[in-house]
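Data block below; observations after.
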Amino acid sequence: MKITDIRWTRAFIPIEAPLRYSIGSHPGFSRIIIEVETDEGITGLGECYTGASREGQLADLKPQLIGEDPMNLERIRWKVATPSSVKLFGFALGFAGIEFALLDIQGKALNRPVCDILGGRIRDEVPFAAYLFYRYANDEGTGEVSNAEQMVAFAKALVDRYGFKTLKYKNGVLPPDEEIDTFISLRKQFPKHRIRLDPNAVWTATTAIDVARRLHDYNMEYLEDPVWGMRAMQRVNAKAPWVTLASNMSVFAFEDLAPNIMADVLDVVLLDPHWYGGIHRAKLAGQICEALGVDAGMHSGAEFGISQAAMLHLAACLPNLTLACDSHYHHLKDDILEGGMLKFENGAMKVPTGPGLGVSLDRDKLARYHELSKQHEMGAWTDDPRRGGGVITQPKW
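FYI, full-length UniProt numbering numbers position 131 of the sequence shown as 131, with every residue one higher than the one before it.
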(Lines of atoms letter the chains of each structure in order from A and count residues from 1; the text may use other names and numbers.)
(Lines give C-alpha, C1' and ligand atoms only; values in the text may rest on other atoms or scores of the structure.)
Protein backbone atom coordinates (compact mmCIF):
# COMPACT_ATOMS: atom_id res chain seq x y z
CA MET A 1 0.00 0.00 0.00
CA LYS A 2 1.27 3.48 -0.90
CA ILE A 3 0.26 7.03 -0.06
CA THR A 4 -1.03 8.72 -3.22
CA ASP A 5 -2.32 12.07 -2.00
CA ILE A 6 -2.64 14.31 1.06
CA ARG A 7 -5.08 17.18 1.29
CA TRP A 8 -6.24 19.43 4.08
CA THR A 9 -9.12 21.76 4.79
CA ARG A 10 -9.31 24.51 7.38
CA ALA A 11 -12.61 24.71 9.28
CA PHE A 12 -14.12 26.95 11.95
CA ILE A 13 -17.01 25.79 14.15
CA PRO A 14 -18.97 28.14 16.43
CA ILE A 15 -19.18 27.48 20.16
CA GLU A 16 -21.95 28.19 22.66
CA ALA A 17 -20.32 31.43 23.90
CA PRO A 18 -16.82 32.99 23.56
CA LEU A 19 -14.36 31.47 26.03
CA ARG A 20 -11.93 33.68 27.95
CA TYR A 21 -8.32 32.73 28.65
CA SER A 22 -5.50 34.51 30.42
CA ILE A 23 -4.09 35.50 27.02
CA GLY A 24 -7.19 36.20 24.95
CA SER A 25 -10.51 34.65 23.98
CA HIS A 26 -11.97 31.96 21.72
CA PRO A 27 -14.90 33.03 19.52
CA GLY A 28 -15.01 29.48 18.14
CA PHE A 29 -12.72 26.55 17.39
CA SER A 30 -10.55 26.39 14.28
CA ARG A 31 -8.81 23.22 13.05
CA ILE A 32 -7.23 21.67 9.97
CA ILE A 33 -8.82 18.44 8.74
CA ILE A 34 -6.37 16.13 6.96
CA GLU A 35 -7.15 13.35 4.48
CA VAL A 36 -4.49 10.86 3.37
CA GLU A 37 -5.35 8.70 0.35
CA THR A 38 -3.79 5.38 -0.66
CA ASP A 39 -3.57 3.31 -3.82
CA GLU A 40 -5.86 0.70 -2.21
CA GLY A 41 -8.74 3.15 -1.91
CA ILE A 42 -8.42 3.64 1.85
CA THR A 43 -8.53 7.23 3.10
CA GLY A 44 -7.32 8.12 6.58
CA LEU A 45 -8.56 11.10 8.60
CA GLY A 46 -6.45 13.38 10.75
CA GLU A 47 -6.77 16.73 12.48
CA CYS A 48 -4.36 19.34 13.80
CA TYR A 49 -4.10 22.88 15.08
CA THR A 50 -4.74 25.61 12.52
CA GLY A 51 -2.57 28.47 11.27
CA ALA A 52 -0.79 29.53 8.10
CA SER A 53 2.48 28.07 9.39
CA ARG A 54 0.80 24.70 9.96
CA GLU A 55 -0.58 24.62 6.42
CA GLY A 56 2.89 25.51 5.17
CA GLN A 57 4.31 22.58 7.12
CA LEU A 58 1.78 20.23 5.57
CA ALA A 59 2.70 21.51 2.11
CA ASP A 60 6.37 20.80 2.90
CA LEU A 61 5.59 17.32 4.22
CA LYS A 62 3.33 16.21 1.38
CA PRO A 63 5.93 15.52 -1.37
CA GLN A 64 8.08 13.61 1.12
CA LEU A 65 5.20 11.29 2.02
CA ILE A 66 3.81 10.48 -1.43
CA GLY A 67 4.78 6.90 -2.28
CA GLU A 68 5.48 5.87 1.32
CA ASP A 69 3.79 2.84 2.88
CA PRO A 70 1.39 4.10 5.60
CA MET A 71 2.29 1.06 7.69
CA ASN A 72 5.87 2.33 8.06
CA LEU A 73 5.21 4.93 10.74
CA GLU A 74 8.71 4.89 12.20
CA ARG A 75 10.34 5.34 8.80
CA ILE A 76 7.97 8.21 8.02
CA ARG A 77 8.58 9.88 11.38
CA TRP A 78 12.34 9.76 10.95
CA LYS A 79 11.95 11.09 7.44
CA VAL A 80 9.87 14.17 8.25
CA ALA A 81 9.61 14.66 12.05
CA THR A 82 13.05 14.07 13.53
CA PRO A 83 13.71 15.41 17.04
CA SER A 84 15.64 18.35 15.58
CA SER A 85 12.89 19.31 13.11
CA VAL A 86 10.30 19.02 15.86
CA LYS A 87 12.36 21.20 18.23
CA LEU A 88 13.54 23.80 15.72
CA PHE A 89 10.58 24.05 13.36
CA GLY A 90 7.58 22.84 15.37
CA PHE A 91 6.76 19.93 13.06
CA ALA A 92 5.14 17.91 15.87
CA LEU A 93 1.73 19.55 15.53
CA GLY A 94 1.42 19.09 11.78
CA PHE A 95 2.89 15.59 11.83
CA ALA A 96 0.47 14.54 14.57
CA GLY A 97 -2.45 15.09 12.21
CA ILE A 98 -0.68 13.03 9.55
CA GLU A 99 -0.02 10.25 12.06
CA PHE A 100 -3.68 10.14 13.10
CA ALA A 101 -4.59 9.62 9.43
CA LEU A 102 -1.96 6.91 8.95
CA LEU A 103 -3.20 5.03 12.01
CA ASP A 104 -6.74 5.43 10.69
CA ILE A 105 -5.57 3.81 7.43
CA GLN A 106 -3.86 0.97 9.29
CA GLY A 107 -6.95 0.26 11.36
CA LYS A 108 -9.21 0.29 8.32
CA ALA A 109 -6.84 -2.02 6.43
CA LEU A 110 -6.77 -4.47 9.35
CA ASN A 111 -10.44 -3.96 10.26
CA ARG A 112 -9.42 -3.10 13.83
CA PRO A 113 -9.78 0.06 15.93
CA VAL A 114 -6.67 2.17 16.46
CA CYS A 115 -6.42 1.28 20.15
CA ASP A 116 -5.93 -2.37 19.16
CA ILE A 117 -2.94 -1.36 17.03
CA LEU A 118 -1.53 0.51 20.04
CA GLY A 119 -1.58 -2.61 22.22
CA GLY A 120 -5.25 -3.06 23.00
CA ARG A 121 -7.77 -1.28 25.15
CA ILE A 122 -7.88 -1.59 28.91
CA ARG A 123 -11.03 0.56 29.21
CA ASP A 124 -14.11 0.92 27.04
CA GLU A 125 -15.01 4.43 28.13
CA VAL A 126 -13.01 7.45 29.20
CA PRO A 127 -14.08 9.91 31.95
CA PHE A 128 -13.87 13.63 31.19
CA ALA A 129 -13.96 16.84 33.20
CA ALA A 130 -16.41 19.68 32.68
CA TYR A 131 -14.32 22.55 31.34
CA LEU A 132 -15.37 25.74 33.12
CA PHE A 133 -14.43 29.04 31.49
CA TYR A 134 -15.25 32.66 31.99
CA ARG A 135 -17.32 33.53 28.93
CA TYR A 136 -18.62 36.53 27.08
CA ALA A 137 -22.27 36.62 26.11
CA ASN A 138 -23.01 35.14 22.69
CA ASP A 139 -24.83 36.93 19.85
CA GLU A 140 -28.16 36.07 21.47
CA GLY A 141 -27.07 37.79 24.69
CA THR A 142 -26.82 34.57 26.73
CA GLY A 143 -24.02 32.40 28.09
CA GLU A 144 -22.03 35.04 29.96
CA VAL A 145 -19.90 33.85 32.89
CA SER A 146 -18.11 36.68 34.67
CA ASN A 147 -18.50 36.05 38.41
CA ALA A 148 -18.72 33.28 40.99
CA GLU A 149 -22.51 32.99 40.89
CA GLN A 150 -22.55 32.58 37.11
CA MET A 151 -19.65 30.10 37.23
CA VAL A 152 -21.47 27.90 39.74
CA ALA A 153 -24.63 28.00 37.60
CA PHE A 154 -22.59 27.13 34.50
CA ALA A 155 -20.97 24.18 36.29
CA LYS A 156 -24.33 22.94 37.55
CA ALA A 157 -25.79 23.06 34.04
CA LEU A 158 -22.89 20.99 32.65
CA VAL A 159 -23.04 18.45 35.47
CA ASP A 160 -26.80 18.08 35.09
CA ARG A 161 -26.57 17.72 31.31
CA TYR A 162 -23.52 15.47 30.96
CA GLY A 163 -22.97 13.87 34.38
CA PHE A 164 -19.39 15.08 34.90
CA LYS A 165 -17.73 14.01 38.16
CA THR A 166 -14.73 16.33 37.75
CA LEU A 167 -14.61 20.09 37.15
CA LYS A 168 -11.74 21.97 35.53
CA TYR A 169 -11.83 25.68 36.35
CA LYS A 170 -9.89 27.72 33.78
CA ASN A 171 -8.81 30.88 35.53
CA GLY A 172 -6.00 33.44 35.27
CA VAL A 173 -8.59 35.84 33.82
CA LEU A 174 -9.72 37.84 36.87
CA PRO A 175 -7.65 39.00 39.86
CA PRO A 176 -6.64 36.05 42.07
CA ASP A 177 -8.82 37.15 45.02
CA GLU A 178 -11.95 36.88 42.85
CA GLU A 179 -10.90 33.51 41.48
CA ILE A 180 -10.19 32.15 44.95
CA ASP A 181 -13.73 33.11 45.96
CA THR A 182 -15.06 31.38 42.84
CA PHE A 183 -13.16 28.17 43.62
CA ILE A 184 -14.58 28.18 47.16
CA SER A 185 -18.09 28.71 45.76
CA LEU A 186 -17.63 25.76 43.41
CA ARG A 187 -16.39 23.57 46.24
CA LYS A 188 -19.39 24.45 48.41
CA GLN A 189 -21.81 23.63 45.58
CA PHE A 190 -19.95 20.44 44.59
CA PRO A 191 -18.51 18.96 47.81
CA LYS A 192 -17.85 15.52 46.29
CA HIS A 193 -16.57 16.52 42.85
CA ARG A 194 -12.92 16.74 42.00
CA ILE A 195 -12.00 20.33 41.09
CA ARG A 196 -8.78 21.29 39.32
CA LEU A 197 -7.42 24.80 38.72
CA ASP A 198 -5.53 26.13 35.67
CA PRO A 199 -4.39 29.78 35.37
CA ASN A 200 -2.21 29.12 32.29
CA ALA A 201 1.03 30.18 33.99
CA VAL A 202 0.17 33.87 34.49
CA TRP A 203 0.91 34.01 38.21
CA THR A 204 4.18 34.75 39.93
CA ALA A 205 5.47 32.02 42.21
CA THR A 206 4.56 34.21 45.19
CA THR A 207 0.96 34.52 43.98
CA ALA A 208 0.72 30.80 43.29
CA ILE A 209 1.99 29.96 46.78
CA ASP A 210 -0.50 32.40 48.32
CA VAL A 211 -3.40 30.88 46.36
CA ALA A 212 -2.30 27.37 47.37
CA ARG A 213 -2.25 28.37 51.04
CA ARG A 214 -5.66 30.04 50.92
CA LEU A 215 -7.21 27.01 49.20
CA HIS A 216 -5.44 24.49 51.45
CA ASP A 217 -8.68 23.33 53.09
CA TYR A 218 -10.76 23.12 49.89
CA ASN A 219 -9.48 19.86 48.44
CA MET A 220 -8.06 20.95 45.09
CA GLU A 221 -7.48 17.95 42.81
CA TYR A 222 -4.44 19.60 41.25
CA LEU A 223 -3.01 22.99 40.33
CA GLU A 224 -2.03 23.11 36.67
CA ASP A 225 0.71 25.43 35.40
CA PRO A 226 0.34 28.18 38.01
CA VAL A 227 3.69 29.64 36.87
CA TRP A 228 5.91 29.55 33.81
CA GLY A 229 8.99 27.33 33.75
CA MET A 230 10.62 24.60 35.76
CA ARG A 231 12.42 26.81 38.28
CA ALA A 232 9.27 28.70 39.23
CA MET A 233 7.37 25.40 39.51
CA GLN A 234 10.11 24.16 41.85
CA ARG A 235 9.57 27.20 44.09
CA VAL A 236 5.83 26.52 44.29
CA ASN A 237 6.48 22.86 45.06
CA ALA A 238 8.96 23.73 47.80
CA LYS A 239 6.74 26.33 49.50
CA ALA A 240 3.40 24.54 49.00
CA PRO A 241 4.29 20.83 49.07
CA TRP A 242 0.69 19.78 49.83
CA VAL A 243 -0.47 20.88 46.37
CA THR A 244 -0.51 18.38 43.52
CA LEU A 245 1.17 20.11 40.57
CA ALA A 246 0.31 19.32 36.95
CA SER A 247 1.62 20.69 33.67
CA ASN A 248 1.31 20.73 29.93
CA MET A 249 3.23 24.01 29.56
CA SER A 250 6.42 23.37 31.54
CA VAL A 251 6.29 19.86 30.07
CA PHE A 252 5.01 19.47 26.52
CA ALA A 253 7.88 17.67 24.76
CA PHE A 254 10.08 14.66 25.40
CA GLU A 255 13.12 16.71 26.36
CA ASP A 256 11.03 18.34 29.12
CA LEU A 257 9.96 15.08 30.76
CA ALA A 258 13.14 13.88 32.46
CA PRO A 259 14.36 17.26 33.84
CA ASN A 260 10.99 18.12 35.37
CA ILE A 261 10.26 14.67 36.76
CA MET A 262 13.76 14.08 38.12
CA ALA A 263 13.74 17.55 39.72
CA ASP A 264 10.57 16.51 41.57
CA VAL A 265 8.64 19.39 40.05
CA LEU A 266 5.53 17.56 38.88
CA ASP A 267 2.98 15.06 40.10
CA VAL A 268 0.90 14.93 36.90
CA VAL A 269 1.99 15.21 33.26
CA LEU A 270 -0.84 16.17 30.92
CA LEU A 271 -0.30 14.28 27.69
CA ASP A 272 -1.46 15.51 24.31
CA PRO A 273 -1.12 13.48 21.09
CA HIS A 274 -0.79 16.74 19.15
CA TRP A 275 2.03 18.28 21.17
CA TYR A 276 4.00 15.03 21.34
CA GLY A 277 3.77 14.41 17.60
CA GLY A 278 1.14 11.69 17.45
CA ILE A 279 -0.64 8.99 19.40
CA HIS A 280 2.38 6.65 19.45
CA ARG A 281 4.67 9.31 20.88
CA ALA A 282 2.11 10.41 23.46
CA LYS A 283 1.71 6.80 24.56
CA LEU A 284 5.49 6.54 24.93
CA ALA A 285 5.46 9.69 27.07
CA GLY A 286 2.78 8.05 29.20
CA GLN A 287 4.94 4.96 29.62
CA ILE A 288 7.86 7.14 30.71
CA CYS A 289 5.59 8.69 33.33
CA GLU A 290 4.56 5.22 34.46
CA ALA A 291 8.18 4.11 34.80
CA LEU A 292 9.11 7.23 36.79
CA GLY A 293 6.08 7.13 39.07
CA VAL A 294 4.29 10.23 37.77
CA ASP A 295 0.56 10.32 37.07
CA ALA A 296 -0.71 10.90 33.54
CA GLY A 297 -3.62 13.09 32.54
CA MET A 298 -4.67 14.45 29.17
CA HIS A 299 -4.65 18.01 27.87
CA SER A 300 -7.26 19.44 25.52
CA GLY A 301 -6.72 22.01 22.77
CA ALA A 302 -10.15 22.81 21.32
CA GLU A 303 -10.56 19.62 19.29
CA PHE A 304 -13.12 18.60 16.70
CA GLY A 305 -14.33 15.00 16.61
CA ILE A 306 -11.38 13.46 14.73
CA SER A 307 -8.89 14.60 17.36
CA GLN A 308 -11.36 13.70 20.10
CA ALA A 309 -11.47 10.16 18.71
CA ALA A 310 -7.66 10.04 18.59
CA MET A 311 -7.54 11.06 22.25
CA LEU A 312 -10.07 8.38 23.14
CA HIS A 313 -7.97 5.67 21.51
CA LEU A 314 -4.86 6.90 23.34
CA ALA A 315 -6.71 7.01 26.65
CA ALA A 316 -8.08 3.51 26.08
CA CYS A 317 -4.63 1.93 26.23
CA LEU A 318 -2.84 3.95 28.95
CA PRO A 319 -2.92 2.04 32.26
CA ASN A 320 -1.68 5.00 34.34
CA LEU A 321 -4.32 7.42 33.05
CA THR A 322 -6.23 7.57 36.33
CA LEU A 323 -7.56 11.15 36.06
CA ALA A 324 -10.51 12.45 34.07
CA CYS A 325 -9.33 13.88 30.75
CA ASP A 326 -9.75 17.50 29.75
CA SER A 327 -12.02 18.28 26.82
CA HIS A 328 -13.26 21.47 25.17
CA TYR A 329 -15.59 19.32 23.10
CA HIS A 330 -18.81 20.06 24.99
CA HIS A 331 -18.47 23.77 24.10
CA LEU A 332 -18.93 23.06 20.36
CA LYS A 333 -22.31 23.68 18.76
CA ASP A 334 -21.65 21.15 15.98
CA ASP A 335 -18.98 18.89 14.46
CA ILE A 336 -17.80 17.74 11.04
CA LEU A 337 -18.56 14.06 11.73
CA GLU A 338 -21.19 11.92 10.08
CA GLY A 339 -23.88 11.20 12.62
CA GLY A 340 -23.23 14.38 14.58
CA MET A 341 -21.24 14.97 17.72
CA LEU A 342 -19.70 12.27 19.89
CA LYS A 343 -21.73 11.77 23.06
CA PHE A 344 -20.95 12.21 26.75
CA GLU A 345 -22.77 9.76 29.00
CA ASN A 346 -22.48 9.92 32.78
CA GLY A 347 -19.40 12.13 32.47
CA ALA A 348 -17.61 9.77 30.08
CA MET A 349 -17.29 9.01 26.38
CA LYS A 350 -17.17 5.55 24.83
CA VAL A 351 -14.07 4.54 22.87
CA PRO A 352 -15.01 4.04 19.19
CA THR A 353 -15.16 0.38 18.16
CA GLY A 354 -15.17 0.74 14.37
CA PRO A 355 -12.10 0.26 12.15
CA GLY A 356 -9.40 2.91 12.45
CA LEU A 357 -10.40 5.97 14.44
CA GLY A 358 -14.01 4.88 14.07
CA VAL A 359 -15.31 8.21 12.75
CA SER A 360 -16.12 9.55 9.27
CA LEU A 361 -16.50 12.97 7.66
CA ASP A 362 -19.71 14.79 6.93
CA ARG A 363 -18.52 16.55 3.77
CA ASP A 364 -21.40 19.00 3.65
CA LYS A 365 -20.55 20.22 7.14
CA LEU A 366 -16.84 20.34 6.34
CA ALA A 367 -17.59 22.53 3.32
CA ARG A 368 -19.88 24.76 5.39
CA TYR A 369 -17.37 25.28 8.17
CA HIS A 370 -14.54 25.76 5.71
CA GLU A 371 -16.46 28.71 4.26
CA LEU A 372 -16.98 30.03 7.78
CA SER A 373 -13.23 29.79 8.42
CA LYS A 374 -12.67 32.45 5.74
CA GLN A 375 -14.33 34.93 8.10
CA HIS A 376 -11.88 33.96 10.83
CA GLU A 377 -8.49 34.24 9.15
CA MET A 378 -6.76 34.67 12.52
CA GLY A 379 -8.07 31.27 13.52
CA ALA A 380 -9.71 30.64 16.86
CA TRP A 381 -7.70 33.11 18.96
CA THR A 382 -8.49 36.80 19.33
CA ASP A 383 -7.50 39.56 21.66
CA ASP A 384 -9.74 39.93 24.69
CA PRO A 385 -12.17 42.74 23.75
CA ARG A 386 -12.80 43.73 27.38
CA ARG A 387 -9.13 43.97 28.26
CA GLY A 388 -8.66 47.34 26.57
CA GLY A 389 -5.74 46.52 24.28
CA GLY A 390 -2.06 46.43 25.21
CA VAL A 391 0.03 43.35 25.80
CA ILE A 392 -0.51 40.47 28.20
CA THR A 393 2.51 39.80 30.36
CA GLN A 394 3.50 36.47 31.83
CA PRO A 395 3.26 36.61 34.79
CA LYS A 396 0.24 38.89 34.95
CA TRP A 397 -0.38 38.75 38.72
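A virtual CB, placed ideally from N, CA and C, is assigned to each residue, including glycine.
For residue i: DSSP bridge partner residues
i           : result
residue 30  : 12
residue 146 : Answer is none; residue 146 lacks a bridge partner.
residue 298 : 271
residue 49  : 31
residue 44  : 36
residue 7   : 35
residue 325 : 128
residue 20  : 25, 134
residue 400 : Given a span of 1 to 397 for the chain in the structure shown, any question on residue 400 remains unanswerable.
residue 332 : 15
residue 345 : 348
Where the beta strand (DSSP E) through residue i begins and ends
i           : result
residue 222 : 220-224
residue 257 : Premise fails: residue 257 lies in the alpha helix (DSSP H), 254-262, not in any beta strand (DSSP E).
residue 348 : 348-350
residue 246 : 245-247
Bounding residues of the alpha helix (DSSP H) (the contiguous stretch that carries residue i)
i           : result
residue 366 : 363-373
residue 307 : 305-316
residue 399 : A question about residue 399 goes unanswered here, because the residues of the chain that appear run from 1 up to 397.
residue 291 : 279-292
residue 239 : 230-239
Outcome for residue i when other beta-carbon atoms lying within 10 angstroms are tallied against a minimum of 16
i           : result
residue 141 : exposed
residue 8   : buried
residue 249 : buried
residue 309 : buried
residue 221 : buried
residue 332 : buried
residue 129 : buried
residue 242 : exposed
residue 78  : exposed
residue 122 : exposed
residue 2   : exposed
residue 74  : exposed
residue 216 : exposed
residue 39  : exposed
Checklist entry - Okay, do the stretch 43-59 and the stretch 194-203 touch, 3+ Cβ pairs below 8 Å being the bar? => result No, they do not touch.
Item to check | Unbroken stretches of the beta strand (DSSP E), 3 residues or longer, contained in the stretch 71-132 | outcome: You should have 125-127, 129-132.
Item to check | Runs of beta strand (DSSP E) lying entirely within the stretch 138-207, each at least 3 residues, in chain order | outcome: For the stretch 138-207, whole beta strand (DSSP E) runs of length 3 or above, ordered along the chain, are 166-170, 194-198.
Next on the checklist: For the structure I just gave you, are there three or more beta carbon pairs, one from the stretch 359-376 and one from the stretch 335-342, closer than 8 Å?
Outcome noted: Contact between the stretch 359-376 and the stretch 335-342 is present, because at least three Cβ pairs lie under 8 Å.
Checklist entry - Does the stretch 91-99 come within contact of the stretch 20-29, defined as at least 3 CB pairs closer than 8 Å? => result Touching, no, given that fewer than three Cβ pairs across the two stretches are closer than 8 Å.
Item to check | Segment contact, 8 Å Cβ cut-off, at least three pairs: the stretch 105-117 with the stretch 49-59 | outcome: Contact between the stretch 105-117 and the stretch 49-59 is absent, because fewer than three Cβ pairs lie under 8 Å.
Checklist entry - Is it a yes or a no for the stretch 117-134 touching the stretch 314-334, going by three-plus beta-carbon pairs under 8 Å? => result These segments touch.
Checklist entry - Between the stretch 252-259 and the stretch 80-95, are three or more C-beta pairs nearer than 8 Å? => result Contact between the stretch 252-259 and the stretch 80-95 is present, because at least three Cβ pairs lie under 8 Å.
Checklist entry - Should the stretch 368-375 be called in touch with the stretch 345-353, which here means at least 3 C-beta pairs below 8 Å? => result The count of Cβ pairs closer than 8 Å, one atom from the stretch 368-375 and one from the stretch 345-353, stays below three, leaving the stretches out of contact.
Item to check | Contact between the stretch 205-216 and the stretch 258-266 (3+ Cβ pairs under 8 Å) | outcome: Touching, no, given that fewer than three Cβ pairs across the two stretches are closer than 8 Å.
Checklist entry - Three or more beta-carbon pairs under 8 Å between the stretch 114-121 and the stretch 52-72, yes or no? => result Two segments are said to touch when three or more pairs of C-beta atoms, one from each, lie closer than 8 Å; by this definition the stretch 114-121 does not touch the stretch 52-72.
Checklist entry - Hey, is the stretch 282-294 in contact with the stretch 317-327, meaning 3+ C-beta pairs nearer than 8 Å? => result Taking 8 Å as the limit for Cβ pairs, the verdict is that the stretch 317-327 does touch the stretch 282-294.
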